[in-house]
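Protein chains in written order, with this note's numbering: chain A, 9 to 283; chain B, 7 to 271.
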């Protein structure tokens, strides 16, 4: 398992040997699983009440926002509620990845200062934790959808590629922000404002088609816009999402993931002295 | 960091450090923030400071050796250990490590204070590259050696610093790596545990293992080590017989054989 000889030499700017890095990361996949499990256990999500809270929290949240929609628009219907819950839950997958990821490196200080391991494990774990919190809410949504009597359709399967794109985007964002937080520790305090802004910029409280033409340009700067629109189309309306939206979303996700990972990998060897 | 897999012969090189230099820039602020950066913008104030932690260090450690590393605070002892463990990349020179290093400079355990001691041992071990089975097979011994009892399942934020150090030492000393680095972890815990950990260190001395101990406890080092290296301001000052080097270091400190250096194990 161990290579008998390890050589440590000065590193040039840029990436570490990627093949070796990937192998070393893969051999530690149990860490990611164990870390997520311990973290969830520590937050009591292994108990019945913890699980209930996991479901109750997004439900209450969607109820509050639904109230907001009803008051502002004066009316609403069941499809709108289904749209709200579906997109809100997916949005929280990304938001939780960000809030979990932002401090993953700074909180892992002890481990980083004393152990050699691929640092990228820490933000990845944060995304895995967010994903574990997301899965029960997906089940809740399907129950809501059934209760509301919205017919199921095979087009709903389009949600799977959308979810995969979202996970890739969440990974990219968590990796990027965890690295930025090493250099600017107050990013974590700005984050709630950033996620709140993102929430209002995304088609959650409204549908993508409701957006005034004047504000259409906002779509272009928000990677979540095409994702949430495709998600809602597939899961709520049972339609095939726009191919262009899927491609734009994929482009965003791949771009952020690659740039963030490059940024992270080229700097992670410096983290030990920056903490 | 798997446990010793293949045996090494005495006098084979375990660690070879060549012309090692390590400089790093640290932030002057304890917490670098965007706010501080924006406020300093235009004033051209320097945000970072360059520290030369290690300067042209050459050091070989052989199997069968027990090397003590001494030096004043800030001499670069911990930096050297971190380079050997692969945690800090060197700025100059080359470090070769033949064998598995206990990268647990003991204190990687407990990185998450809200998790239990048990979880922290597992996570620390997994992060270091051990498999779950390996940790399973060592866990009983670790828990037993640390004498924590039921506290092993309590969150680590409830631990006293002594309990913390005991657990950390137990992990480092139970997992049997080819090269074990103990960085001042001996100096914590009560008298009984100090005695116990010192005995453990002595047990761990063997022909197919290299031990590196960083400590300020001169008497202990004289007792345990068969070789001592003295670092000062990032440079290797002297290396050799424990008694000779320690004597020189004491003279340098001009404190003589005072109780303060000997007391702490």
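Idealized CB from N, CA, C, for every residue including glycine.
CB contact check: residue i to chain A, cutoff 8 Å
{"i": "residue 121/B", "result": "yes"}
{"i": "residue 93/B", "result": "yes"}
{"i": "residue 98/B", "result": "yes"}
{"i": "residue 128/B", "result": "yes"}
{"i": "residue 103/B", "result": "yes"}
{"i": "residue 138/B", "result": "yes"}
{"i": "residue 253/B", "result": "no"}
{"i": "residue 80/B", "result": "no"}
{"i": "residue 41/B", "result": "yes"}
{"i": "residue 164/B", "result": "no"}
{"i": "residue 132/B", "result": "yes"}
For residue i, the three-state DSSP class (helix, strand or coil)
{"i": "residue 172/A", "result": "helix"}
{"i": "residue 262/B", "result": "Confidence in residue 262/B is poor, its pLDDT being 48 and thus under 50, which makes the residue's placement unreliable; the coordinate value appears in the next sentence. Note: residue 262/B maps to coil in three-state DSSP."}
{"i": "residue 45/B", "result": "helix"}
{"i": "residue 275/B", "result": "Residue numbering for chain B in the displayed model covers 7 to 271; residue 275/B lies beyond these limits and cannot be assessed."}
{"i": "residue 39/B", "result": "coil"}
{"i": "residue 22/B", "result": "strand"}
{"i": "residue 172/B", "result": "helix"}
{"i": "residue 277/A", "result": "helix"}
{"i": "residue 55/A", "result": "coil"}
{"i": "residue 104/B", "result": "strand"}
{"i": "residue 140/B", "result": "helix"}
{"i": "residue 124/A", "result": "coil"}
{"i": "residue 89/A", "result": "helix"}
{"i": "residue 83/A", "result": "coil"}
{"i": "residue 45/A", "result": "helix"}
{"i": "residue 104/A", "result": "helix"}
{"i": "residue 255/B", "result": "helix"}
{"i": "residue 59/B", "result": "strand"}
{"i": "residue 30/B", "result": "strand"}
{"i": "residue 16/A", "result": "strand"}
{"i": "residue 214/B", "result": "coil"}
Residues near residue i in its chain [Cβ-Cβ closer than 8 Å; skip 5 each side]
{"i": "residue 267/A", "result": "180, 184"}
{"i": "residue 64/B", "result": "23, 24, 25, 26, 242"}
Contacts around residue i, its chain only, beta-carbon distance under 7 Å, and the 5 residues preceding and following it disregarded
{"i": "residue 163/A", "result": "242, 246, 247, 248"}
{"i": "residue 136/A", "result": "40, 44"}
{"i": "residue 148/B", "result": "127, 176, 177, 180"}
{"i": "residue 144/B", "result": "180, 181"}
{"i": "residue 228/B", "result": "248, 249, 252"}
{"i": "residue 271/A", "result": "184, 187"}
{"i": "residue 205/A", "result": "none"}
{"i": "residue 263/B", "result": "Bear in mind that a pLDDT of 49 at residue 263/B, under 50, signals an unreliable position, so the model cannot answer this."}
Nearest-angstrom beta carbon gap, residue j and residue i [assumed within contact, 8 Å]
{"i": "residue 283/A", "j": "residue 117/A", "result": "5 Å"}
{"i": "residue 130/B", "j": "residue 119/A", "result": "7 Å"}
{"i": "residue 234/A", "j": "residue 257/A", "result": "4 Å"}
{"i": "residue 56/B", "j": "residue 31/B", "result": "5 Å"}
{"i": "residue 89/A", "j": "residue 142/A", "result": "Actually they are not in contact, since the Cβ atoms of residue 89/A and residue 142/A sit about 19 Å apart, beyond 8 Å."}
{"i": "residue 273/A", "j": "residue 33/A", "result": "So it is not a contact: roughly 11 Å between Cβ atoms."}
{"i": "residue 134/A", "j": "residue 56/A", "result": "Contact flag wrong, Cβ pair sits at about 25 Å."}
Residue burial classification, residue i (beta-carbon count within 10 angstroms, cutoff 16)
{"i": "residue 104/A", "result": "buried"}
{"i": "residue 91/A", "result": "buried"}
{"i": "residue 229/A", "result": "exposed"}
{"i": "residue 60/A", "result": "exposed"}
{"i": "residue 215/A", "result": "buried"}
{"i": "residue 203/B", "result": "buried"}
{"i": "residue 71/B", "result": "buried"}
{"i": "residue 188/B", "result": "buried"}
{"i": "residue 166/A", "result": "buried"}
{"i": "residue 197/A", "result": "exposed"}
{"i": "residue 69/B", "result": "buried"}
{"i": "residue 251/A", "result": "exposed"}
{"i": "residue 80/A", "result": "exposed"}
{"i": "residue 13/A", "result": "exposed"}
Cutoff 6 Å; reference residue i; Cβ partners in own chain excluding five residues on either side
{"i": "residue 102/B", "result": "22"}
{"i": "residue 85/B", "result": "28, 59, 60"}
{"i": "residue 211/A", "result": "236, 237"}
{"i": "residue 122/A", "result": "none"}
Closer than 8 Å to chain B by CB, residue i
{"i": "residue 119/A", "result": "yes"}
{"i": "residue 46/A", "result": "yes"}
{"i": "residue 13/A", "result": "yes"}
{"i": "residue 191/A", "result": "yes"}
{"i": "residue 108/A", "result": "no"}
{"i": "residue 194/A", "result": "yes"}
{"i": "residue 18/A", "result": "yes"}
{"i": "residue 151/A", "result": "no"}
{"i": "residue 134/A", "result": "no"}
{"i": "residue 244/A", "result": "no"}
{"i": "residue 35/A", "result": "yes"}
{"i": "residue 43/A", "result": "yes"}
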